[in-house]
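Structure, as structure tokens:
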Amino acid sequence: MNRSITRKLIIRTLAIICLLVAAYFIIPVSVPILLAGITAFLLEPIVMFFKRKWKMSRKIAVAFIYIVSVIFISIICYFTITQLMSQIISISKQAPYYISKLSEMWGHMQENISKYTEDFPTEVSSSLQKTATDFIKKIEESF
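With full-length UniProt numbering, you'll find the sequence shown wraps up at 143, consecutive numbering, no jumps.
Put into structure tokens, the structure is as follows:
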């Protein structure tokens, strides 16, 4: 009895491992097939509408729907990319202003740090000052 339970457990465990390994290799390949199936499922009512309402053949209805879909997606992508580019340009124009403000803030922070590090040894305070200055220069150079 005990031996059959462990044997069944081993078989089930191996089966699950085999299924997981198979799924690992099959899922990346099957994603386009799944997307195509979902698309066909969602577009079927529209195809039937065109077939009944305008007496189109199935091939023409499917071609028409896909062409309209591609045009619609292209228009959405066009406006999205246009907005994205205008925002990127706006940010790049404002970046120097914000960097100068950050430099001012960092200057005030350096003054505060120098006040707090007066009691530190000179090597430590000069090292902190040099690191902070290099950091600001690298940020300014990157923009």
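Where is the CB? At the ideal position from N, CA and C, for every residue including glycine. A quick note: this is a predicted structure, and the numbers were derived from the prediction, not measured.
Answer with buried or exposed for A22, where buried requires no fewer than 16 other C-beta atoms within 10 angstroms of its C-beta.
Reading the sequence shown from its first residue, position 22 is the one you call residue 22. It counts as exposed.
From A132 to K138, what distance separates their C-alpha atoms?
Walking along the sequence shown from the start, residue 132 turns up at place 132. Walking along the sequence shown from the start, residue 138 turns up at place 138. Their backbone Cα atoms lie some 10 Å apart in a straight line.
Could you give the first and the last residue of the continuous alpha helix (DSSP H) run that contains E123?
As a position in the sequence shown, residue 123 is number 123, starting the count at 1. It spans T122 to S142 - the alpha helix (DSSP H) in which E123 sits, taken as one unbroken run.
Option nearest S114 by Cα separation, candidates M105, S126 and V70
For the purposes of this step, residue 114 is taken as residue 114 along the sequence shown, with counting starting at 1. Checking every option, the nearest Cα to that of S114 belongs to S126.
Any contact of the stretch 101–118 with the stretch 64–82, i.e. 3+ C-beta pairs under 8 Å?
Note that the stretch 101–118 does not touch the stretch 64–82; fewer than 3 beta-carbon pairs, one per stretch, sit closer than 8 Å.
Spatial neighbours of F50 within its chain, please: CB distance less than 6 Å, with the 5 preceding and 5 following residues excluded, ordered by chain position.
In the sequence shown, the residue the question calls residue 50 occupies position 50. Spatial neighbours of F50 in its own chain (CB-CB distance under 6 Å, excluding positions within 5 residues in sequence) are listed in chain order as M56 and A61.
Contact under 8 Å by Cβ, I65 with I91:
Here residue 65 refers to the residue found at position 65 when the sequence shown is read from its first residue. Here residue 91 refers to the residue found at position 91 when the sequence shown is read from its first residue. No, the pair does not count as a contact, with Cβ atoms beyond the cut-off.
For a test of the three-state rule: what should DSSP assign to T82, helix, strand or coil?
For the purposes of this step, residue 82 is taken as residue 82 along the sequence shown, with counting starting at 1. DSSP, reduced to helix, strand and coil, places T82 within a helical segment of the structure shown.
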